[in-house]
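Below is one structure, written out as structure tokens; the observations come after it.
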Amino acid sequence: MTTTYEPIVGMECHAELLTESKMFCGCANAFGGAPNTRTCPVCLGLPGSLPTMNRRAVELVLRTALALHCEISLDCLFARKNYFYPDLPKGYQISQYDDPIGKSGYLDITLEDGRRKRIHIRRVHLEEDTGKLIHAGGNESEVDYNRSGVPLMEVVTEFPPDIESADEAKAYLEKLRSILIYLDVSDGKMEEGHLRAEPNLSIRPAGTSGVGVKTEIKNLNSFKSVYKGIEYELVRQSELLNAGEPVRQETLGWNDVSGETYHMRFKEEEQEYRYFPEPDLVPLHFETADIEAARADLPELPDAKRERFASQYGLREYDAGILTASRPLAAYFEEAAAGADPKAIANYVTGDLAKLLNASGQEITETKVTAAHLRELIMLRDGGKITNNSAKAVLAEMFETGEAPAVIVETRGLAAVSDDSAVAAEVDKALAASPEVVAKIKGGNEKSKGFLTGMVMKAMKGQARPDVVNRLIDERLAAL
Amino acid sequence: MELYALTAHELSEKLIRREVSAREVTQSVLGRIASTEERVHAYVTVTESIALAQADAVDAARASGESVSPLAGIPIALKDNLCTTGIETTCSSKILRGFVPPYSATVVEKLEASGSVFIGKANLDEFAMGSSTENSAFGASHNPWDIGTVPGGSSGGSTAAVAAGEAIWAIGSDTGGSIRQPAAFCGVVGLKPTYGRVSRYGLIAFASSLDQIGPVTKDVRDAALLMNLISGHDSRDSTSIVRDVPDYTRALTGGVKGLKLGVPKEYFAQGVSPEVSASVRTAIDTLVSLGAIAEEISLPHSEYALPTYYILAPAEASSNLARYDGVRFGHRTARATNHVDLFEKSREEGFGPEVKQRIMIGTYALSAGYYDAFYLKAQKVRTLIKRDFDLAFEKYDAIIAPTAPTVAFKLGEVSDPLAMKLNDVLTIPANMAGIPAISLPCGFSDGLPIGLQLMAPNFGEETLFQIAYAYEQATRWHLGRAQL
Ligand SMILES: [Zn+2]
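In order, the protein sequence lines correspond to chains A and B. The numbers in the working numbering rise by one with no breaks, and the one at position 354 of the first sequence is 354. One gets the working numbering by counting positions in the second sequence from 1 and adding 480 to each.
Encoded structure:
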């Protein structure tokens, strides 16, 4: 007999912070460039060098901790995490241990079925990144220390974890990412390793409580791989337990090509970190007033914005969610919606415009369609100046050229025909050409009216307003 | 008297009056090195050409009327755990042999800016771990007062150089007495400043929360002058303190009337030789005769300072020394087959036995399951030691005691590591508390110097200089020069 299991997932996320300089020295915090061009005695760990604190990095972590509803430690220490690896120049990483900047927070996720769930967060802390080991072929390795000392924020979920499926894990990650981007704390790019997620996972018989022996998955570099990694581990651990074999506590790697995890090391092979307070840095102290100022300075976050969009603009929860997924998109919508029908704007932004953006791989910040032009377009349509069909065509051209909608309508001759006599003439032609359809309608088959509407619209090349066509058909039919 | 035997303030006057040139002073010191260094072995590296070039630059600046520091042109020895741009910096360890730093310590920069002449890099116990300078990978230094005895340590090269006239003055570092104990053994003045008074940037770390750079000089006035040059806040060392630097020579008033001195009974207990005890008691009497008030006090947690130090210092050292892995600088094994091998063999080959022992003790003290019993407990005891001093300084301006329990011992005489560590039992408490402490000569036993130690509250360097100077003026110990 096989048991069905469910996963319990803890999440450890690292985000490289958007600061000008590194965590403990003046070297630039940037990406790319030739190896070892952004280094100095401090981030190379040369003898005698000492770290000095990047206050901006501290502010960014404080901001995140507040946005995640954490308690802030007024006094926090940095600690040394000691282990040997060639990419770790000092032989220890400066991190935080006992008193992280933020603790006991949460974030709420919304699942696809609309269900909300609160994910508790244990800690938000600040540390430094390591360099990168480059395998140079054969038995040789090279080390690039450009990344060494880049400020890194760690966000860890509470234990026992609240996340109980791959879907929830993905929703958590997406939510965290959007908050970090909203806060200008991180660019959130997972593929480039600027945001890294390491889920740890154990399983239990579905519907029971408790946690099992957990494994940790590394090298996941996209939302999709996080999702697939968790699904894979759920199956692998379930099969082990169903076969009567134990799950061993271990660190696994993710192979994105084969879609499988592979063994890296067992728990007992891990180095002991021998944490102790970093004597080269004085403790970090926050004044309550500084914390309150940082709190007051927080931008409107995705949840609050979504709720406001739903109530202020009368949008569906789902559309409000899409529109608030990023700050630029939300700002674009709000600019376009000022003075126009917000629902119509929302439909265009999440519908036709989104399709055009997707197809061309552009971001909302890159499009030639300005928010003001989109508003004009909607107003032309809603004022009956152009038909819905024409509006779509005009948008496509705006997307290509960046031209104002009124200009496109003019040059293309797309103005809607609202002259009743021209439409009425076509209606008369259609009635005359289809006596059998007229008979059907007279016999009570209302649906057949659509055939006549279609004929007229076709004859008018789509530039007649459907409401006018339908009204004239009804009038003529009634007069017959 | 030969130029090399003079103090910095005496030479400064001659240089300003253009009676001598910086080149002449430097040549005098280099000549002395040529005749005595073979016996003393104070240096890992003598930087003769750099020294002469610096001296010539100072002479040229003075000749052209440029404004130069009154102390420009004085030859100085730098302990070889201070990073110096372009000059090999070894910490007296094989693991750093060949390491030429691309940057200088803040203290070195300050000295350079004031026209100092760098005569060489002084020997030390490997990574400043030791009390005799016998732990140097490049050979022991010898005490100029008796070549068969040790100069103390770990700044034994710096103190031996000054005592021998192989430098006019020197820079040392003090983690548990490493300036004061060798200063006592070599009959010179040595000051450990308040923690945070002098920047540690560029000082190769032994135990970060205890290390402090300080002066080694022939008399108290020179110590005050050298402190004027090296003190002050440094934005590159976040443990350095923002506080104005006074002109320390203004504390050299000569009077001590009404100053209250605490005499801790624990510092005259078992293990302190009768000769040392007697000399220090006589020194106290001298100060009392000058108007100071001396009373016996108790610092009850002093006896725990040594064991506490031997948890905390190795714990920090085990982490500070992790960077010597053969990857980026220093010794790299030729026998590695993978990166773990590279770490292990480079460290195995590069570190000496004392360093390895302390790394192991420190690693153990920080390990899971032992952290609370060792590291955390030691931190609590450290707080108690500090509180003893705080209470004492509520009533007393300074504390007076011997610097070391004995005078210099013979090379190779102390082979038991624990017995060696007992040398520091009277100096470690000041490091634990972070307070400033000075050692100055107060007598001889069998021809070997005895050191008097004064301790003051945080940033009480001026009090130390005031008392030390008054004592010096009333005695003649500082005028003695080792005969080599
Ligand atoms: Zn750097």
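Beta carbons are placed, not taken as given, at the ideal position from N, Cα and C, and that holds for glycine.
Next on the checklist: Taking 7 Å as the threshold (beta carbon to beta carbon), is B/Ser-689 in contact with chain A?
Outcome noted: Within the second sequence, the letter at position 209 stands for residue 689 of chain B. At a cut-off of 7 Å between beta carbons, B/Ser-689 contacts chain A.
Checklist entry - If you draw a straight line from the alpha carbon of B/Arg-803 to that of B/Ala-899, how long is it in whole angstroms? => result By one-based count along the second sequence, residue 803 of chain B stands at place 323. By one-based count along the second sequence, residue 899 of chain B stands at place 419. Straight-line Cα distance between these residues: approximately 30 Å.
Checklist entry - For A/Val-150, is the beta carbon positioned less than 6 Å from some heavy atom of ligand 1? => result Position 150 of the first sequence, counted from the first residue, corresponds to residue 150 of chain A. Answer for A/Val-150: no, Cβ out of range of ligand 1.
Checklist entry - Between the stretch 844 to 859 of chain B and chain C, which residues of the former have a C-beta closer than 7 Å to a C-beta of the latter? => result In the structure shown, chain C does not exist; the protein chains are A and B.
Checklist entry - Can you find at least 3 beta carbon pairs, one from the stretch 633 to 650 of chain B and one from the stretch 664 to 676 of chain B, that sit closer than 8 Å? => result Enough Cβ pairs lie closer than 8 Å, so yes.
Next on the checklist: Using a 10 Å radius around the Cβ and a threshold of 16 neighbouring Cβ atoms, would you call B/Leu-576 buried or exposed?
Outcome noted: Walking along the second sequence from the start, residue 576 of chain B turns up at place 96. Answer is buried; the Cβ neighbour count reaches 16.
Checklist entry - Between A/Ala-67 and A/Leu-195, what straight-line distance do the alpha-carbon atoms span, to the nearest angstrom? => result Taking the first sequence and counting its residues from 1, one reaches residue 67 of chain A at position 67. Taking the first sequence and counting its residues from 1, one reaches residue 195 of chain A at position 195. Going from the Cα of A/Ala-67 to the Cα of A/Leu-195 covers about 17 Å.
Checklist entry - Checking contacts by CB at 7 Å: is B/Cys-922 closer than that to chain A? => result Position 442 of the second sequence, counted from the start, is the residue given in the question as residue 922 of chain B. Not an interface residue.
Next on the checklist: Can you tell me which residues form a DSSP beta bridge with B/Thr-525?
Outcome noted: Indexing the second sequence from 1 puts residue 525 of chain B at position 45. DSSP lists B/Lys-601 as partners of B/Thr-525.
Checklist entry - Does A/Pro-342 come within less than 7 Å of chain B when only Cβ atoms are used? => result Mapped onto the first sequence, residue 342 of chain A falls at position 342. Chain B contact via Cβ: absent.
Next on the checklist: Rounded to whole angstroms, what is the Cα-Cα separation between A/Ala-479 and A/Ala-464?
Outcome noted: Along the first sequence, one-based indexing puts residue 479 of chain A at 479. Along the first sequence, one-based indexing puts residue 464 of chain A at 464. Their backbone Cα atoms lie some 22 Å apart in a straight line.
Item to check | Given 8 Å, three or more beta-carbon pairs between the stretch 10 to 25 of chain A and the stretch 147 to 163 of chain A | outcome: Remark: three or more beta-carbon pairs, one from each stretch, lie closer than 8 Å, so the stretch 10 to 25 of chain A and the stretch 147 to 163 of chain A are flagged as touching.
Checklist entry - Can you tell which of A/Glu-191, A/Ala-289, A/Tyr-313, A/Lys-214 has the C-alpha that lies nearest to the C-alpha of A/Ala-337? => result Here residue 337 of chain A is taken as the residue at index 337 of the first sequence, counted from 1. Considering only A/Glu-191, A/Ala-289, A/Tyr-313, A/Lys-214, the residue with the shortest C-alpha distance to A/Ala-337 is A/Tyr-313.
Item to check | Three-way DSSP call (helix, strand, coil) for A/Gly-137 in this model | outcome: In the first sequence, counting from the first residue as 1, residue 137 of chain A sits at position 137. Here A/Gly-137 sits in strand by DSSP.
Item to check | Selected residue, minimal CA-CA separation from B/Asp-926, among B/Thr-719, B/Lys-890, B/Val-835 | outcome: Position 446 of the second sequence, counted from the first residue, corresponds to residue 926 of chain B. With distances taken between Cα atoms, B/Asp-926 lies closest to B/Lys-890.
Next on the checklist: Tell me which residue opens and which closes the beta strand (DSSP E) that A/Asn-358 is part of.
Outcome noted: Here residue 358 of chain A refers to the residue found at position 358 when the first sequence is read from its first residue. Counting along the chain, A/Asn-358 falls outside any beta strand (DSSP E), though it belongs to the alpha helix (DSSP H) covering 352 to 360.
Item to check | Contacts around A/Ala-430, its chain only, beta-carbon distance under 6 Å, and the 5 residues preceding and following it disregarded | outcome: Here residue 430 of chain A refers to the residue found at position 430 when the first sequence is read from its first residue. The answer, listed in chain order, is Leu-452, Met-455, Val-456.
Next on the checklist: Excluding the 5 residues flanking A/Gly-105 on each side, which residues of the same chain have their C-beta closer than 8 Å to its C-beta?
Outcome noted: One-based indexing of the first sequence puts residue 105 of chain A at position 105. Ala-65, Leu-68, His-69, Cys-70, Glu-71, His-120, Ile-121, Val-124.
Checklist entry - For the candidate residues A/Glu-400, A/Arg-177, A/Val-427, A/Asp-382, whose alpha-carbon lies nearest to that of A/Ala-482? => result Shown here, chain A extends from 1 to 480; a query on residue 482 of chain A therefore has no answer.
Item to check | the stretch 268 to 288 of chain A: positions lying closer than 7 Å to chain B by Cβ | outcome: Against chain B - using a Cβ distance shorter than 7 Å - the residues of the stretch 268 to 288 of chain A are Glu-272, Arg-274, Phe-276, Pro-279, Asp-280, Leu-281, Val-282.
Checklist entry - Using CA coordinates, which residue listed in A/Ala-57, A/Gly-102, A/Leu-377 is at the minimum distance from A/Ala-406? => result Here the question's residue 406 of chain A lines up with position 406 in the first sequence. For A/Ala-406, the nearest C-alpha among the options comes from A/Leu-377.
Next on the checklist: Need the endpoints of the alpha helix (DSSP H) that A/Met-398 sits in, please.
Outcome noted: Start at 1 with the first residue of the first sequence, and residue 398 of chain A comes out as number 398. Following the DSSP letters along the chain, one finds A/Met-398 inside the alpha helix (DSSP H) bounded by residues 388 to 401.
Next on the checklist: Run through chain B and tell me which residues come within less than 9 Å of A/Met-53, C-beta to C-beta.
Outcome noted: Counting from one through the first sequence, the residue named residue 53 of chain A turns up at place 53. Chain B residues near A/Met-53: Ser-718.
Next on the checklist: List, in chain order, every chain B residue whose beta-carbon is nearer than 7 Å to that of A/Pro-89.
Outcome noted: Your numbering for residue 89 of chain A matches position 89 in the first sequence. Arg-803, Arg-808, listed in chain order.
Next on the checklist: Using a Cβ-based criterion (distance less than 6 Å to any ligand heavy atom), does A/Cys-43 qualify as near ligand 1?
Outcome noted: Within the first sequence, numbered from 1, the residue matching residue 43 of chain A stands at position 43. A/Cys-43: yes, Cβ under 6 Å from ligand 1.
Item to check | Nearest-angstrom Cα separation, counted from B/Val-722 out to B/Cys-571 | outcome: Translated into positions along the second sequence, residue 571 of chain B becomes position 91. Translated into positions along the second sequence, residue 722 of chain B becomes position 242. Whole-angstrom Cα-Cα distance: 29 Å.
Item to check | Touching by the beta-carbon criterion (3+ pairs, under 8 Å), the stretch 226 to 242 of chain A and the stretch 1 to 11 of chain A | outcome: Here the stretch 226 to 242 of chain A makes contact with the stretch 1 to 11 of chain A; the two share three or more CB pairs at distances below 8 Å.
Next on the checklist: Could you give the first and the last residue of the continuous beta strand (DSSP E) run that contains A/Asp-297?
Outcome noted: In the first sequence, the residue the question calls residue 297 of chain A occupies position 297. No beta strand (DSSP E) contains A/Asp-297, which DSSP labels as neither H nor E.
Next on the checklist: Taking 6 Å as the limit between beta carbons, can you name the residues of its chain near A/His-135, skipping five residues before and five after?
Outcome noted: For the purposes of this step, residue 135 of chain A is identified with residue 135 of the first sequence, where counting begins at 1. Residues Ser-141 of the same chain have their beta carbon placed closer than 6 Å to that of A/His-135, with the five preceding and five following residues left out of the count.
Checklist entry - Using a Cβ-Cβ cut-off of 6 Å (strictly less than) and excluding sequence neighbours within five positions of B/Val-894, which residues of its own chain qualify? => result On the second sequence, residue 894 of chain B is found 414 positions in, with the first residue counted as 1. Excluding positions up to five away in sequence, the list reads Met-900.
Next on the checklist: I want to verify the contact list: residues of chain B whose CB lies under 8 Å from the CB of A/Gly-45, in sequence order.
Outcome noted: As a working note, residue 45 of chain A is residue 45 in the first sequence. Residues of chain B passing the Cβ test: Arg-803, Arg-808.
Item to check | Residues in the stretch 352 to 375 of chain A having any Cβ partner in chain B nearer than 7 Å | outcome: Sequence-ordered contacts of the stretch 352 to 375 of chain A with chain B are nonexistent [C-beta pairs closer than 7 Å].
Checklist entry - Can you find a C-beta in chain A that's less than 7 Å from the C-beta of B/Gly-682? => result Taking the first residue of the second sequence as position 1, residue 682 of chain B is located at position 202. Proximity of B/Gly-682 to chain A, defined by a Cβ-Cβ separation below 7 Å, is satisfied.
Item to check | Cβ neighbour criterion (16 or more within 10 Å) applied to B/Tyr-681 | outcome: As a position in the second sequence, residue 681 of chain B is number 201, starting the count at 1. It counts as buried.
Next on the checklist: In whole angstroms, give me the CA-to-CA distance for A/Val-213 and A/Leu-240.
Outcome noted: Taking the first sequence and counting its residues from 1, one reaches residue 213 of chain A at position 213. Taking the first sequence and counting its residues from 1, one reaches residue 240 of chain A at position 240. Going from the Cα of A/Val-213 to the Cα of A/Leu-240 covers about 12 Å.
Checklist entry - A/Lys-117 lies in the alpha helix (DSSP H); which residues open and close that run? => result Sequence index remark: in the first sequence, residue 117 of chain A carries index 117 (1-based). Premise fails: A/Lys-117 lies in the beta strand (DSSP E), 116 to 128, not in any alpha helix (DSSP H).
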